[in-house]
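Asks: Numbering (the numbering used here), first residue to last: 5 to 537. Before I ask anything, let me first share the structure, which is written out below as structure tokens.
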């Protein structure tokens, strides 16, 4: 049986039981009220009849025909089941049942109080059956009790009237039950729709599966509502943030208070999704994403995922080294193919001296570049990067010129070596592309690099002979995705440069390079604190 049907039957049965209890209570209250009203009516009629002068006179004179005539006339005007008249000895003077003879004793144990001058109301069984009867004494003018008036309502008549009243109540309760039937069915259907037409066992299984998946994700994942209060957090997120509290203790707290970062904001109107943003969560460098949770009414929350940046630093460095090595090999292969073709031609023409001189010259040139870079820049990774960029520039028809003031004895640990390489490499790549973009460029266009740590800060300057950057858009070139070039991966390099420089507490500036081009200058103070996270 489906949840929808079970819920319907449960609601229907509970409603039916409640209606039955309420109906029984109402019926009992109606019965008690009916008996109370009928008893009061019987008692009042008995008093009024006993007070009639013609009846008092007839009883005093023992005028039986007159008593019968008066009693019958009163019975026709009354709704009582019967009216009985007795004398001062509780013997019948009149009874509507012809089987009861005049002078026979009145039945019941309620006559003594009446003969003592007190009215009574009792339920007793007489010759006509069990009845609710009110009795009142007939008092002579001199104050003597000379008779009894008994006005009775048979129980079967009272019950019949009670059934008539109860029928209307039962009909009303049936209508209510039908309405509850319809409401229970609609409510069960609504609940099923809200449960996406799933059974509770299916929902329980999905919840357990999602909890297992949620906890097994190696990235930190935090779900927040529209007010940016935490609604769920997985184990990886707590471990990355070094959070000792459990999930239930964190839920309900503000996300910004949890991570100590205001990037994601706390305004409901901010609907911008964020991808691969480099942030500091509790002084831990992470790469974070924010994706909206939406329903038919709009955004109802966010899912924020993040991972430690240092977890991918090693892989990033390895990939950078492999890519740099592959680029160097490709450039060197292209370079060597040119002069090897020349060398092969010289040998074919038997110009052996020229061939030998060419080989020596090529070897000396490469060795001179290698020796200069190795002697000027102490870091081997930076040396490899610059050597690759040098030959890359030659392949593009450019010349990478090292400023005579270049001198690098080491790099502070404010940034990881891969981040230093990213700053230098992206600035050089940007300069190459800017120089190549000039349509009327001449031969041997230069890109100049100045890299030194002789002062209290690391200085990196890259000057190109490109088209330049106008002053009104310089503040935009570091925005993610902003680029003058086409391609899906454009607009990332300078964004990373700015991110790393600001992370190290440095600044980056853009100036014009006369007569044409741009100079990017980076100043990063040497510090003892490490940002190599």
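For glycine and all other residues, C-beta sits at the position ideal for the given N, C-alpha and C. Quick caveat: nothing in here was measured; it's all calculated off a predicted structure.
Can you give me the C-alpha to C-alpha distance between residue 148 and residue 94, rounded to a whole angstrom?
Replies: Cα-Cα distance, rounded: 14 Å.
Asks: Should the stretch 43-52 be called in touch with the stretch 7-20, which here means at least 3 C-beta pairs below 8 Å?
Replies: With the cut-off at 8 Å, the stretch 43-52 and the stretch 7-20 do not touch.
Asks: Using 10 angstroms around the beta-carbon of residue 431, count the other beta-carbons present and answer buried if the total reaches 16, otherwise exposed.
Replies: It counts as buried.
Asks: Could you give the DSSP three-state label for residue 187: helix, strand or coil?
Replies: The answer is helix: DSSP assigns residue 187 an H, G or I state.
Asks: Are three or more beta carbon pairs between the stretch 406-420 and the stretch 435-443 nearer than 8 Å?
Replies: The answer is no - the stretch 435-443 does not touch the stretch 406-420, with fewer than three Cβ pairs under 8 Å.
Asks: Is the number of C-beta pairs between the stretch 165-182 and the stretch 27-45 that are closer than 8 Å three or more?
Replies: In short, these stretches touch, since the Cβ pair count reaches three.
Asks: Could you say which of 134, 110, 346 and 141 lies nearest to residue 120 if we only look at CA atoms?
Replies: The candidate whose alpha carbon is nearest that of residue 120 is 141.
Asks: Return yes when the Cβ of residue 407 is within less than 8 Å of the Cβ of residue 454, no when it is not.
Replies: Going by C-beta atoms, residue 454 is nearer than 8 Å to residue 407.
Asks: Would residue 467 be called buried (16 or more neighbouring beta carbons within 10 Å of its own) or exposed?
Replies: Classification of residue 467: buried, given that the 10 Å Cβ count is 16 or more.
Asks: With a cut-off of 8 Å on the beta carbons, I'd call residue 397 and residue 442 a contact; round off their distance for me.
Replies: With 8 Å as the limit, residue 397 and residue 442 do not qualify as a contact, their Cβ atoms being about 15 Å apart.
Asks: Report the three-state DSSP secondary structure of residue 450 (helix, strand or coil).
Replies: Strand at residue 450.
Asks: Between 288, 30 and 474, which lies nearest to residue 523 when the distance is taken from Cα to Cα?
Replies: Residue 523 has its Cα closest to that of 474, out of 288, 30 and 474.
Asks: By the three-class DSSP mapping on this structure, what secondary structure does residue 507 have?
Replies: Three-state result, residue 507: helix.
Asks: With respect to the beta strand (DSSP E) encompassing residue 47, which residues constitute its N-terminal and C-terminal limits?
Replies: It is not in any beta strand (DSSP E) - residue 47 instead sits in the alpha helix (DSSP H) that spans 7-54.
Asks: Assign residue 89 to one of two classes, buried (16 or more other C-beta atoms within 10 Å of its C-beta) or exposed (fewer than that).
Replies: The residue is buried, with at least 16 neighbouring Cβ atoms inside 10 Å.
Asks: Runs of 3 residues minimum, wholly inside the stretch 410-434: which ones carry the beta strand (DSSP E) assignment?
Replies: The qualifying runs do not exist here; there are none.
Asks: Which of helix, strand or coil does DSSP assign to residue 471?
Replies: The answer is coil: DSSP assigns residue 471 none of H, G, I, E or B.
Asks: Given a cut-off of 8 Å on the beta-carbon distance, is the pair residue 228 and residue 259 in contact?
Replies: Yes. Within cutoff.
Asks: Among residues of its own chain, excluding the 5 on either side of residue 462, which ones have a beta-carbon nearer than 6 Å to its beta-carbon?
Replies: For residue 462, where only same-chain residues beyond five positions count, the Cβ hits under 6 Å are 528.
Asks: Measuring straight from C-alpha to C-alpha, what distance separates residue 361 and residue 374?
Replies: Roughly 20 Å separates the two Cα atoms.
Asks: Please determine, among 156, 425 and 458, the residue with the shortest C-alpha to C-alpha distance to residue 82.
Replies: Ranking 156, 425 and 458 by Cα distance to residue 82 puts 156 first.
Asks: Measuring alpha carbon to alpha carbon, tell me which residue in 135, 78 and 241 is nearest residue 114.
Replies: Of the candidates 135, 78 and 241, the one whose C-alpha sits nearest the C-alpha of residue 114 is 135.
Asks: Relative to the alpha-carbon of residue 456, which residue among 424, 96, 58 and 449 has its alpha-carbon at the smallest distance?
Replies: Nearest C-alpha to residue 456: 424.
Asks: Going by DSSP, which residues form a beta bridge with residue 461?
Replies: In DSSP, residue 461 forms a bridge with 529.
Asks: How about residue 161 and residue 131: do their beta carbons lie closer than 8 Å?
Replies: No, the Cβ-Cβ distance between residue 161 and residue 131 is not below 8 Å.
Asks: Would residue 138 pass as a contact of residue 128 if the rule is Cβ separation under 8 Å?
Replies: Taking 8 Å as the Cβ cut-off, residue 138 and residue 128 do not qualify as a contacting pair.
Asks: Helix or strand or just coil, what does DSSP make of residue 128?
Replies: Strand at residue 128.
Asks: I'd like to know whether the C-beta atoms of residue 233 and residue 257 end up nearer to each other than 8 Å.
Replies: For residue 233 and residue 257, yes; Cβs fall inside 8 Å.
Asks: Which two residues bound the contiguous alpha helix (DSSP H) that contains residue 72?
Replies: Counting along the chain, the alpha helix (DSSP H) containing residue 72 begins and ends at 68-81.
Asks: If distances are taken between C-alpha atoms only, which option among 465, 208, 513 and 427 comes closest to residue 500?
Replies: When each option's Cα is compared against that of residue 500, the closest is 427.
Asks: Closer than 6 Å by C-beta to residue 196: which residues in its own chain qualify, once you throw out the five before and the five after it? Chain order, please.
Replies: Same-chain partners within the cutoff: 8.
Asks: Using a Cβ-Cβ cut-off of 6 Å (strictly less than) and excluding sequence neighbours within five positions of residue 348, which residues of its own chain qualify?
Replies: Answer for residue 348: no residue qualifies.
Asks: Between the C-alpha atoms of residue 306 and residue 479, what's the straight-line distance to the nearest angstrom?
Replies: Taking the straight line joining both Cα atoms gives about 30 Å.
Asks: In whole angstroms, what separates the C-alpha of residue 469 from that of residue 520?
Replies: If you take the alpha carbons of residue 469 and residue 520, they lie about 5 Å apart.
Asks: State the Cα-Cα distance for the pair residue 80 and residue 92, rounded to the nearest angstrom.
Replies: Those two C-alpha atoms are separated by around 25 Å.
Asks: Looking at the unbroken alpha helix (DSSP H) that takes in residue 206, where does it start and where does it end?
Replies: Note, residue 206: alpha helix (DSSP H), 204-220.
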